[in-house]
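J.:
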Amino acid sequence: MSYPPPPQASSLLAQLTARQLERIPERQSYYYFINNSWRPVFSNLPPPSAAASPKPSSNSSPETPPAQPPPTTSTLHILTWNIDFSTPYAPARLSAALTHLSHLLSTRIPASSPVLIFLQEMIASDLHQLSCTPWIRDHFAITDIDTRNWGSHYGTVTLVDRRLSVREVGRLRFVSECSRDGLGVDLDVGVPEGEGGRVLRLCNSHLESLASNPPMRPLQMMAVARWLQEDNVVAGVLAGDMNAIRGYDVTLPQENGFKDAYLELGGQEDGEDGMTWGYQSAEWVSKRFGPGRLDKLLFCGAVGVRRLERIGVGVVVEEEGIRRKMREEGKVEFVTDHYGLMAELVLGEGVGVRMRGEKEIEELVDEGGEEDWGVSCW
1 MSYPPPPQAS
11 SLLAQLTARQ
21 LERIPERQSY
31 YYFINNSWRP
41 VFSNLPPPSA
51 AASPKPSSNS
61 SPETPPAQPP
71 PTTSTLHILT
81 WNIDFSTPYA
91 PARLSAALTH
101 LSHLLSTRIP
111 ASSPVLIFLQ
121 EMIASDLHQL
131 SCTPWIRDHF
141 AITDIDTRNW
151 GSHYGTVTLV
161 DRRLSVREVG
171 RLRFVSECSR
181 DGLGVDLDVG
191 VPEGEGGRVL
201 RLCNSHLESL
211 ASNPPMRPLQ
221 MMAVARWLQE
231 DNVVAGVLAG
241 DMNAIRGYDV
251 TLPQENGFKD
261 AYLELGGQED
271 GEDGMTWGYQ
281 SAEWVSKRFG
291 PGRLDKLLFC
301 GAVGVRRLER
311 IGVGVVVEEE
321 GIRRKMREEG
331 KVEFVTDHYG
341 LMAELVLGEG
351 VGVRMRGEKE
361 IEELVDEGGE
371 EDWGVSCW
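Each residue of the sequence shown is one higher than the one before, starting from 1 at the first, in the UniProt record's numbering.
#1: Buried or exposed: where does His-153 fall if 16 or more other Cβ atoms within 10 Å of its Cβ makes it buried?
#2: Give me, in chain order, the residues of the same chain whose beta-carbon lies closer than 7 Å to that of Ala-225; leave out the 5 immediate sequence neighbours on both sides.
#3: Nearest to Ala-124 by alpha carbon, out of His-139, Ile-117, Pro-110, Ile-145?
#4: Please go through the same chain and pick out, in chain order, the residues whose beta-carbon is closer than 7 Å to the beta-carbon of Phe-33, but skip the five residues on each side of it.
#5: Can you name, in chain order, every residue of its own chain whose Cβ lies under 6 Å from the Cβ of Thr-147, other than the five neighbours on each side?
#6: Rounded to the nearest angstrom, what separates Ser-10 and Met-216 at their Cα positions?
#7: Out of Trp-135, Met-122, Trp-227, Asp-231, point me to the one whose CA is closest to Gly-182's CA.
#8: Considering only the beta carbon of each residue, do Arg-293 and Ala-244 sit closer than 9 Å?
#9: Report the option in Leu-101, Pro-253, Gly-290 whose CA atom is closest to the CA atom of Arg-310.
#10: So what does DSSP say about Thr-147, is it helix, strand or coil?
#11: Tell me, to the nearest whole angstrom, how far the beta carbon of Val-317 is from that of Ala-90; I am working on the premise that it is less than 8 Å.
#12: Would you give the residue range spanned by the beta strand (DSSP E) that Lys-287 belongs to?
#13: Please go through the same chain and pick out, in chain order, the residues whose beta-carbon is closer than 8 Å to the beta-carbon of Leu-104, but skip the five residues on each side of it.
#14: May I ask which residues mark the beginning and end of the alpha helix (DSSP H) holding Thr-99?
#15: The alpha helix (DSSP H) spanning Ile-311 covers which residue range?
#16: Here's a check: name, in chain order, each residue in its chain whose Cβ is nearer than 7 Å to the Cβ of Pro-218, leaving out the five neighbours to either side.
#17: If Ala-261 and Leu-308 are in contact, beta carbons under 8 Å, what's the gap, nearest whole angstrom?
#18: Cα separation between Arg-167 and Ser-43?
#19: Roughly how many whole angstroms lie between the Cα atoms of Met-1 and Glu-319?
#20: With 16 other CB atoms within 10 Å as the buried threshold, where does Val-41 fall?
#21: Return the residue from the list Glu-344, Gly-352, Phe-289, Val-313 that minimises the CA-CA distance to Arg-306.
#22: Return the chain-ordered list of same chain residues with a C-beta closer than 6 Å to the C-beta of Val-313, the five sequence neighbours on each side being excluded.
#23: Assuming His-139 and Ser-113 are in contact, meaning their beta carbons sit under 8 Å apart, how far apart are those beta carbons, in whole angstroms?
#24: Is the beta carbon of Trp-81 sitting closer than 9 Å to the one on Thr-336?
#25: Hey, out of Val-175, Thr-87, Glu-358, whose CA is closest to Pro-25's CA?
#26: Suppose the cutoff is 6 Å on Cβ atoms and the five residues either side in sequence are ignored; what does the same chain contact list for Val-169 look like?
#27: Hey, out of Ala-211, Thr-107, Ser-131, whose CA is closest to Arg-39's CA?
#28: By Cβ distance, which residues of its chain are closer than 7 Å to Val-189, with the 5 residues on each side in sequence left out?
#29: Which partner residues does Gly-155 have in the DSSP bridge list?
#30: So which of Leu-263, Gly-304, Val-157 has the shortest CA-CA distance to His-128?
#31: Just to confirm the assignment, what range does the alpha helix (DSSP H) spanning Asp-366 have?
#32: Does DSSP put Ser-53 in a helix, in a strand, or in coil?
#33: Provide the residue span of the beta strand (DSSP E) that contains Pro-40, from first to last.
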């Protein structure tokens, strides 16, 4: 039998809901590595409408070929992974995680498919390590190279395939005891009707941990859903650590207009093959809480999921000396306590994400100003 929440909890929930609904996403810069430094692009720059929708000139001669529309792609891959911030030896753990991710990119994903990597529980040293990693510098834009946009000493960061045309990046701050937020990336899309200003919105998030009274995750899921289902959004994807540990978490995605990739592909809610946490934690933690499907990929609108699989299963720190120290200190040797997810997304018929060339990237960086983020790598 269920009981209604006490009056004080209901009143507090109403206040928190009102506070959450008042919050709007905060735009932030994102960065490309050009000429040996990370250079910012400011999200308040206008979209490249001239390049996206070229108009014929009245002075064009009959021999002048019409301008070609920019290339687009209808498929892309998303990888999401929570790299535990609280375990020591962060550089060694992230190094092994990056080796694993690089291997997946080179062996499991076609080179023609753009990739986004959602990372949760990053700390300052992780950002430095990411920004100094050659394959990231060569192939990705990065949403954060320092902690200025985080509400805590750890947070989310997204790596965006530099071939993708980013419209803007923003963070939606949650009402949260843990300073959580949703990190959104808008990608320019072409649609059959030729409407301008439409985007694919991808959100990397780490919802509230543990239990609270009143519960925070329903508020946070509601806020993200509203953002990902705005009128100009052709399709929305939410991925990350959903911390789905209570009964009410099971139906939150569907109640907020999302489809759950794992379930859509035939998975069962309590299926062992869907669990992403509980196998790589200390033994006492695993026994206390048991396994759970904490990490999810959810979607809405004109997008579907062709494949979904777990990643990071059994990945351990590479250096034997560090592993020995971890064992001596009673720590597990795994890179993190979470498995990650890798998904192949397919956009709806006639919908494609616009691609961007290096020349356009350089022009965007030039428009962004002279700010230069040199990073000294050890």
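Each residue gets a CB set at the ideal place from its N, CA and C atoms; glycine is no exception.
Computed from a prediction, not measured in an experiment: that's the story for all the values here.
T.: Quick answer:
#1: Here residue 153 refers to the residue found at position 153 of the sequence shown. Under this definition His-153 is an exposed residue.
#2: Counting from 1 along the sequence shown, the entry for residue 225 is found at position 225. Around Ala-225: Asn-256, Gly-257, Phe-258.
#3: By 1-based counting over the sequence shown, the position of residue 124 is 124. Nearest C-alpha to Ala-124: Ile-145.
#4: Residue numbering aside, residue 33 sits at position 33 when the sequence shown is read from its first letter. Arg-137.
#5: Along the sequence shown, read from residue 1 onward, the residue named residue 147 stands at position 147. So the list reads Ala-124, once near-sequence residues are dropped.
#6: Residue mapping note: residue 10 aligns to position 10 of the sequence shown, counting from 1. Residue mapping note: residue 216 aligns to position 216 of the sequence shown, counting from 1. The straight-line gap from Cα to Cα measures roughly 13 Å.
#7: Residue 182 sits at position 182 when you count from the first residue of the sequence shown. Of the candidates Trp-135, Met-122, Trp-227, Asp-231, the one whose C-alpha sits nearest the C-alpha of Gly-182 is Trp-227.
#8: Within the sequence shown, numbered from 1, the residue matching residue 293 stands at position 293. Within the sequence shown, numbered from 1, the residue matching residue 244 stands at position 244. In this structure, Ala-244 lies closer than 9 Å to Arg-293 by Cβ.
#9: Walking along the sequence shown from the start, residue 310 turns up at place 310. When each option's Cα is compared against that of Arg-310, the closest is Leu-101.
#10: Your numbering for residue 147 matches position 147 in the sequence shown. Here Thr-147 sits in coil by DSSP.
#11: On the sequence shown, position 317 is the one that residue 317 refers to. On the sequence shown, position 90 is the one that residue 90 refers to. About 11 Å separates the two Cβ atoms, so there is no contact after all.
#12: Locating residue 287 in the sequence shown gives position 287, counting from the first residue. From DSSP, Lys-287 is part of no beta strand (DSSP E) but of the alpha helix (DSSP H) over 283-289.
#13: On the sequence shown, residue 104 is found 104 positions in, with the first residue counted as 1. If we look at Leu-104 and ignore the five residues flanking it on each side, its Cβ neighbours are Leu-79, Ile-311, Met-342.
#14: For the purposes of this step, residue 99 is identified with residue 99 of the sequence shown, where counting begins at 1. Run containing Thr-99: 90-107, per the alpha helix (DSSP H) assignment.
#15: Residue numbering aside, residue 311 sits at position 311 when the sequence shown is read from its first letter. Segment 303-311 is the beta strand (DSSP E) holding Ile-311; no alpha helix (DSSP H) there.
#16: By 1-based counting over the sequence shown, the position of residue 218 is 218. Hits under 7 Å: Tyr-248, Leu-252.
#17: Counting from one through the sequence shown, the residue named residue 261 turns up at place 261. Counting from one through the sequence shown, the residue named residue 308 turns up at place 308. Indeed, because the Cβ distance is near 5 Å, the residues count as touching under 8 Å.
#18: Here residue 167 refers to the residue found at position 167 when the sequence shown is read from its first residue. Here residue 43 refers to the residue found at position 43 when the sequence shown is read from its first residue. The straight-line gap from Cα to Cα measures roughly 7 Å.
#19: Here the question's residue 1 lines up with position 1 in the sequence shown. Here the question's residue 319 lines up with position 319 in the sequence shown. Low local confidence applies: a pLDDT of 41 at Met-1 is under 50, so the model's placement there is unreliable, and no value is given.
#20: Locating residue 41 in the sequence shown gives position 41, counting from the first residue. When all chains shown are included, Val-41 counts as buried.
#21: By 1-based counting over the sequence shown, the position of residue 306 is 306. Answer by Cα proximity: Glu-344.
#22: Locating residue 313 in the sequence shown gives position 313, where the first residue counts as 1. Taken in chain order, the residues that qualify are Tyr-339.
#23: Translated into positions along the sequence shown, residue 139 becomes position 139. Translated into positions along the sequence shown, residue 113 becomes position 113. Not a contact, Cβ separation roughly 12 Å.
#24: To locate residue 81, count along the sequence shown from 1; it is residue 81. To locate residue 336, count along the sequence shown from 1; it is residue 336. Cβ atoms of Trp-81 and Thr-336: closer than 9 Å.
#25: The residue given as residue 25 occupies position 25 in the sequence shown. When only C-alpha atoms are compared, the closest one is Val-175.
#26: Stepping through the sequence shown from its first residue, residue 169 is reached at position 169. Around Val-169: Gln-28, Tyr-30, Ser-43, Thr-143, Val-185.
#27: Taking the sequence shown and counting its residues from 1, one reaches residue 39 at position 39. Out of Ala-211, Thr-107, Ser-131, Ser-131 has the C-alpha closest to the C-alpha of Arg-39.
#28: Taking the first residue of the sequence shown as position 1, residue 189 is located at position 189. The answer, listed in chain order, is Arg-198, Val-199, Leu-200, Val-234, Val-351, Gly-352, Val-353, Arg-354.
#29: Position 155 of the sequence shown holds residue 155. Note: Gly-155 sits in a beta bridge opposite Met-122.
#30: Here residue 128 is taken as the residue at index 128 of the sequence shown, counted from 1. Closest by alpha carbon: Val-157.
#31: Counted from its first residue, the sequence shown places residue 366 at position 366. Start and end: 358-367.
#32: In the sequence shown, residue 53 corresponds to position 53, counting from 1. In this prediction, Ser-53 scores a pLDDT of 42, lower than 50, which makes its location untrustworthy; no coordinate-derived value is stated.
#33: Sequence index remark: in the sequence shown, residue 40 carries index 40 (1-based). Residues 37-41.
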